[in-house]
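Chains as they are written, first to last, in this note's numbering: chain Z, 2 to 580; chain V, 448 to 567.
What follows is a single structure, written as structure tokens, with notes after it.
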Amino acid sequence: MSIFERYKPAFLDSSAQGQKRSRHTLNYRKIWQMVILLTAAVTLIPLITITVVDYNVTQKSIESEISLRTRRTVSNTKRTIVSFFSARRAALDFVVHDNDISELSSTNRLEEILNNLEMSFGGFVDLGVINDQGVQIAYSGAYNLGGKDYSDQAWFNRVVDMGVYISEVFLGFRNKPHLVIAVKYEFGDGGFYVLRATLDTDQFNDIFAALELNGEGDAFLINHGGVIQTPSRYRGDVLSRVSISVPPYSDRTQVEEYRKGNDDHFIVGYAYIPDSNFILMIVKQKAALMKSWYATRSNLLGFLMLSITLILGVIVLLTTYLVNQMFFSDRKRAMAMHRIEYDNKLATVGRLAAGVAHEINNPLAIINEKAGLIKDIFVYREQYSADEKLMGLVDSVISSVSRCGTITKRLLNFARHMDESFQTIDIETVIKEVLGFLVKEAEYRSIEILVTVPEGFPQIECDRGKLQQVLLNIVNNAFSAIGSEGRLTVEVQAKNEQFWVIAITDTGCGIPEKDIEMIFEPFFTKKSDQGGTGLGLSITYQLIEEAGGFIKVVSEVGRGTSFIITMPFKHKKRREANT
Amino acid sequence: MRVLLVDDEMEYVSTLAERLSFRGIEVRWASSAKEALAYINKEPFDIAVLDVKMPKMGGIELKQKIEEIVPGMRFIYLTGHGSEDDYKRGVTDGISYLIKPVDIDQLVKAMNQAAADRID
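So this is what it looks like as structure tokens:
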């Protein structure tokens, strides 16, 4: 037997058996399902809805918080970079305005300026002055670049056009990343020259290194072509191509989400640096940023799951318990109703029988006396006493009347004991009396009845009417089990000093094993089509229990059934029937 | 032995009276309590056989009336009905309680027994 079988509530069984539901019982399985479904719906739907809404709102707010913070960092960093460039550009502007071309053409002066710049700003590697032909006329720095012609280089044309130029990062001769800032100085007559400074990127990189970025953040510059300009932690080496696509141009700070593959989900904040080819990029790993949210989220989901399990568990257990209680109390009630109905019916039948017996007794008595008188006349007057035929006729009338009298007396006796409570009885008399009603039927059906009561069996104290009902119920069942041709054995024995046993055995069709457990259950019937209520044996069981006895069934299909009733000799103080 | 039979079924009581006379018992019969009381006031009786259920006055009430007039009178109830209360009262009073139809010999036996009680 599985655990479910063992703990399966009784009401599930009652509707699952496929037997017809009595008109007194409801479909408990359906009620059970409905209650569980409705309760679960009204409790779980709001809970899940609230959780989902809260989940989304929280996630959105965290995402927008991340976006906002990234935007702020990008915009601050952009300002720093812009001011870095503008400070150096202003310094160069100052130099070209403070010195005329003849001074700047002197290498010594240029070196002096370079030293000053290096001292006040740092990071200046060399300085060069280039005339309007694109030829470097003076140079101060580590490499001898004097006389180099830049006229065909793009940056030179650019500085001629725009007046200022900030280069991309490139590897200089020392194989270190550098960048160039150049400013143009115009004379009144349309001539010009260009002051060009090379800067190393150390200071520049320090700006990024100083940034405190959460979420495995990575801040760096790329050029418009997507080439990395400053060291990046995760996105590639300097001067290699960045591993993400170049964001579209915008004059404002932007934050976007990028998804690359399944796992690589990151947030990119960027800003185009004006007057240069640089794009500031701050890339953050979304998973790292959302880490705390993911922890909260799994807590939230865990809590939700736990709540749902708990709620469902409580609903199912509670509903099962209540429906089961309902089932039992309904059954008890229906049982009590039937019991009342049954008792009433029995009382009515008893009254009817007594009435009929009484009504018949009077004319019967007259017939008896008239026939008796005829016989007396024959006997006392002697003139007919020799006529055997006449005497035989009269005797036959008298004996028939006597038979009728026996029947009416038995009926009266039976009805009279119906309402009686405890008395001392002779069990053999009671058995004979009950069987007396069925003798004729037994004859018609060729059922042999054997009654064995040991000689000198003691008197029994019990409720005679109830014992009659019990015997009648079981014998009636035995008769319908036999059908026709068979044997009914009633055997009485003393079990011990307190109890006696009556075994009623038939040679009928027997009870299948699976039904034996059920036969005393109320409303269990195999004869519902013949008007069986399934209460006969259940009431029998109750009556025996109320009398302090118990009943047992032994049956074999095709061989017959034995009902073995054990009853006390002396009636114990009656337990109030708990109906 | 002088016996008074009281029963509202005249057919019955008259026939029964005739049968008892065959057996040498001196019998009077009445078909109502009123008639019965008239007999009691006129003649002496040893035993009264009473029907329990009769119109106007039943056998039990009649028995009390007769006892007031003739103390020490013996009674037998004879009825077609066996109500529990009547039955119990009959038994406790030590009075034979016979149910119709009754065997004549049984009735005679009950009368003899009652008469014997009286002599004691």
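Backbone N, C-alpha and C define an ideal beta-carbon position, used for all residues, glycine too.
- Assignment of glutamate 473 of chain V by DSSP, reduced to helix, strand and coil, places it in the strand class.
- The Cβ of serine 403 of chain Z sits closer than 9 Å to at least one Cβ of chain V.
- With contacts defined as CB atoms closer than 9 Å, methionine 501 of chain V and aspartate 454 of chain V qualify as a contacting pair.
- Counting C-beta atoms within 10 angstroms of its own C-beta, phenylalanine 95 of chain Z has fewer than 16 neighbours from the protein chains shown and is therefore classed as exposed.
- If you check the CB distance, valine 350 of chain Z and glutamate 429 of chain Z do not come in under 9 Å.
- The shortest CA-to-CA distance from alanine 366 of chain Z to any of Z:Cys405, Z:Ser84, Z:Phe329 and Z:Asp507 is the one to Z:Cys405.
- Annotation note: the stretch 396-476 of chain Z contains the following uninterrupted alpha helix (DSSP H) runs of length 4 or greater, listed N- to C-terminal: 428-437 and 440-445.
- Nearest CB-CB separation between valine 474 of chain V and chain Z: not below the 9 Å threshold.
- Beta-bridge partners of arginine 30 of chain Z (DSSP): none assigned.
- Here the alpha carbon of glutamine 499 of chain Z sits roughly 31 Å from the alpha carbon of glycine 509 of chain Z.
- Distance between glutamate 514 of chain V and isoleucine 520 of chain Z, taken at the CA atoms: about 59 Å.
- Burial state of isoleucine 51 of chain Z is exposed, judged by a 10 Å Cβ sphere holding fewer than 16 other Cβ atoms.
- With its beta carbon less than 9 Å from one in chain Z, glycine 527 of chain V belongs to the interface.
- Listed in chain order, the positions of the stretch 455-468 of chain V with a beta carbon within less than 8 Å of a beta carbon of chain Z are Glu456, Glu458, Tyr459, Thr462, Leu463, Glu465 and Arg466.
- Judged by beta-carbon spacing, isoleucine 566 of chain Z lies within the 9 Å limit of isoleucine 505 of chain Z, meaning their Cβ atoms are closer than that value.
- The beta-carbon separation of phenylalanine 438 of chain Z and tyrosine 29 of chain Z, rounded to 40 Å, does not stay under the 8 Å limit for a contact.
- Taking 9 Å as the CB threshold, histidine 339 of chain Z stays off the interface with chain V.
- Taken in chain order, the unbroken stretches of beta strand (DSSP E) that lie wholly in the stretch 182-206 of chain Z and span 3 residues or more are 193-201.
- Residue contact with chain V for glutamate 360 of chain Z: present (Cβ-Cβ distance below 9 Å to some residue of chain V).
- Under the Cβ criterion of 9 Å, lysine 547 of chain V is counted among the residues facing chain Z.
- For the stretch 347-378 of chain Z, the set of positions with a beta-carbon nearer than 7 Å to some beta-carbon of chain V reads His359, Asn362, Asn363, Leu365, Ala366, Ile367, Asn369, Glu370, Lys371, Gly373, Leu374 and Asp377 in chain order.
- Using a Cβ-Cβ cut-off of 7 Å, isoleucine 551 of chain V is close to Gly373 of chain Z, given in chain order.
- By the C-beta criterion, the stretch 277-292 of chain Z is judged to be in contact with the stretch 215-227 of chain Z, since at least 3 inter-stretch pairs fall below 8 Å.
- Residues of chain V with a Cβ closer than 9 Å to the Cβ of tyrosine 8 of chain Z do not exist, since the nearest Cβ in that chain sits about 51 Å away.
- Lysine 467 of chain Z is outside the set of residues whose beta carbon lies under 9 Å from a beta carbon in chain V.
- Cα atoms of isoleucine 138 of chain Z and glycine 147 of chain Z: separation of roughly 6 Å, rounded to the nearest angstrom.
- Closest in alpha carbon position to leucine 305 of chain Z, among Z:Thr44, Z:Gly262, Z:Asp377 and Z:His98, is Z:Thr44.
- In this structure, the alpha-carbon of serine 107 of chain Z lies about 28 Å from that of valine 170 of chain Z.
- Taking a C-beta distance under 9 Å as the contact criterion, glutamate 465 of chain V and aspartate 377 of chain Z qualify as a contact pair.
- Contact annotation, tryptophan 501 of chain Z with phenylalanine 570 of chain Z: C-beta distance approximately 6 Å; criterion of less than 8 Å satisfied.
- Straight-line measurement puts the Cα of arginine 242 of chain Z at about 19 Å from the Cα of glutamine 286 of chain Z.
- Bridge partners of glutamine 137 of chain Z according to DSSP: Z:Ile131.
- At a beta-carbon threshold of 9 Å, none of the residues of chain V lie near tyrosine 385 of chain Z; the nearest stands roughly 14 Å away.
- Rounded to whole angstroms, the Cβ separation of valine 452 of chain Z and leucine 436 of chain Z is 7 Å, and the two are in contact under 8 Å.
- Interface flag for valine 380 of chain Z against chain V is set, since a Cβ pair is found closer than 9 Å.
- In its chain, beyond the 5 residues on either side, Ser68, Thr71, Arg72 and Gly270 have a beta carbon closer than 6 Å to the beta carbon of valine 256 of chain Z.
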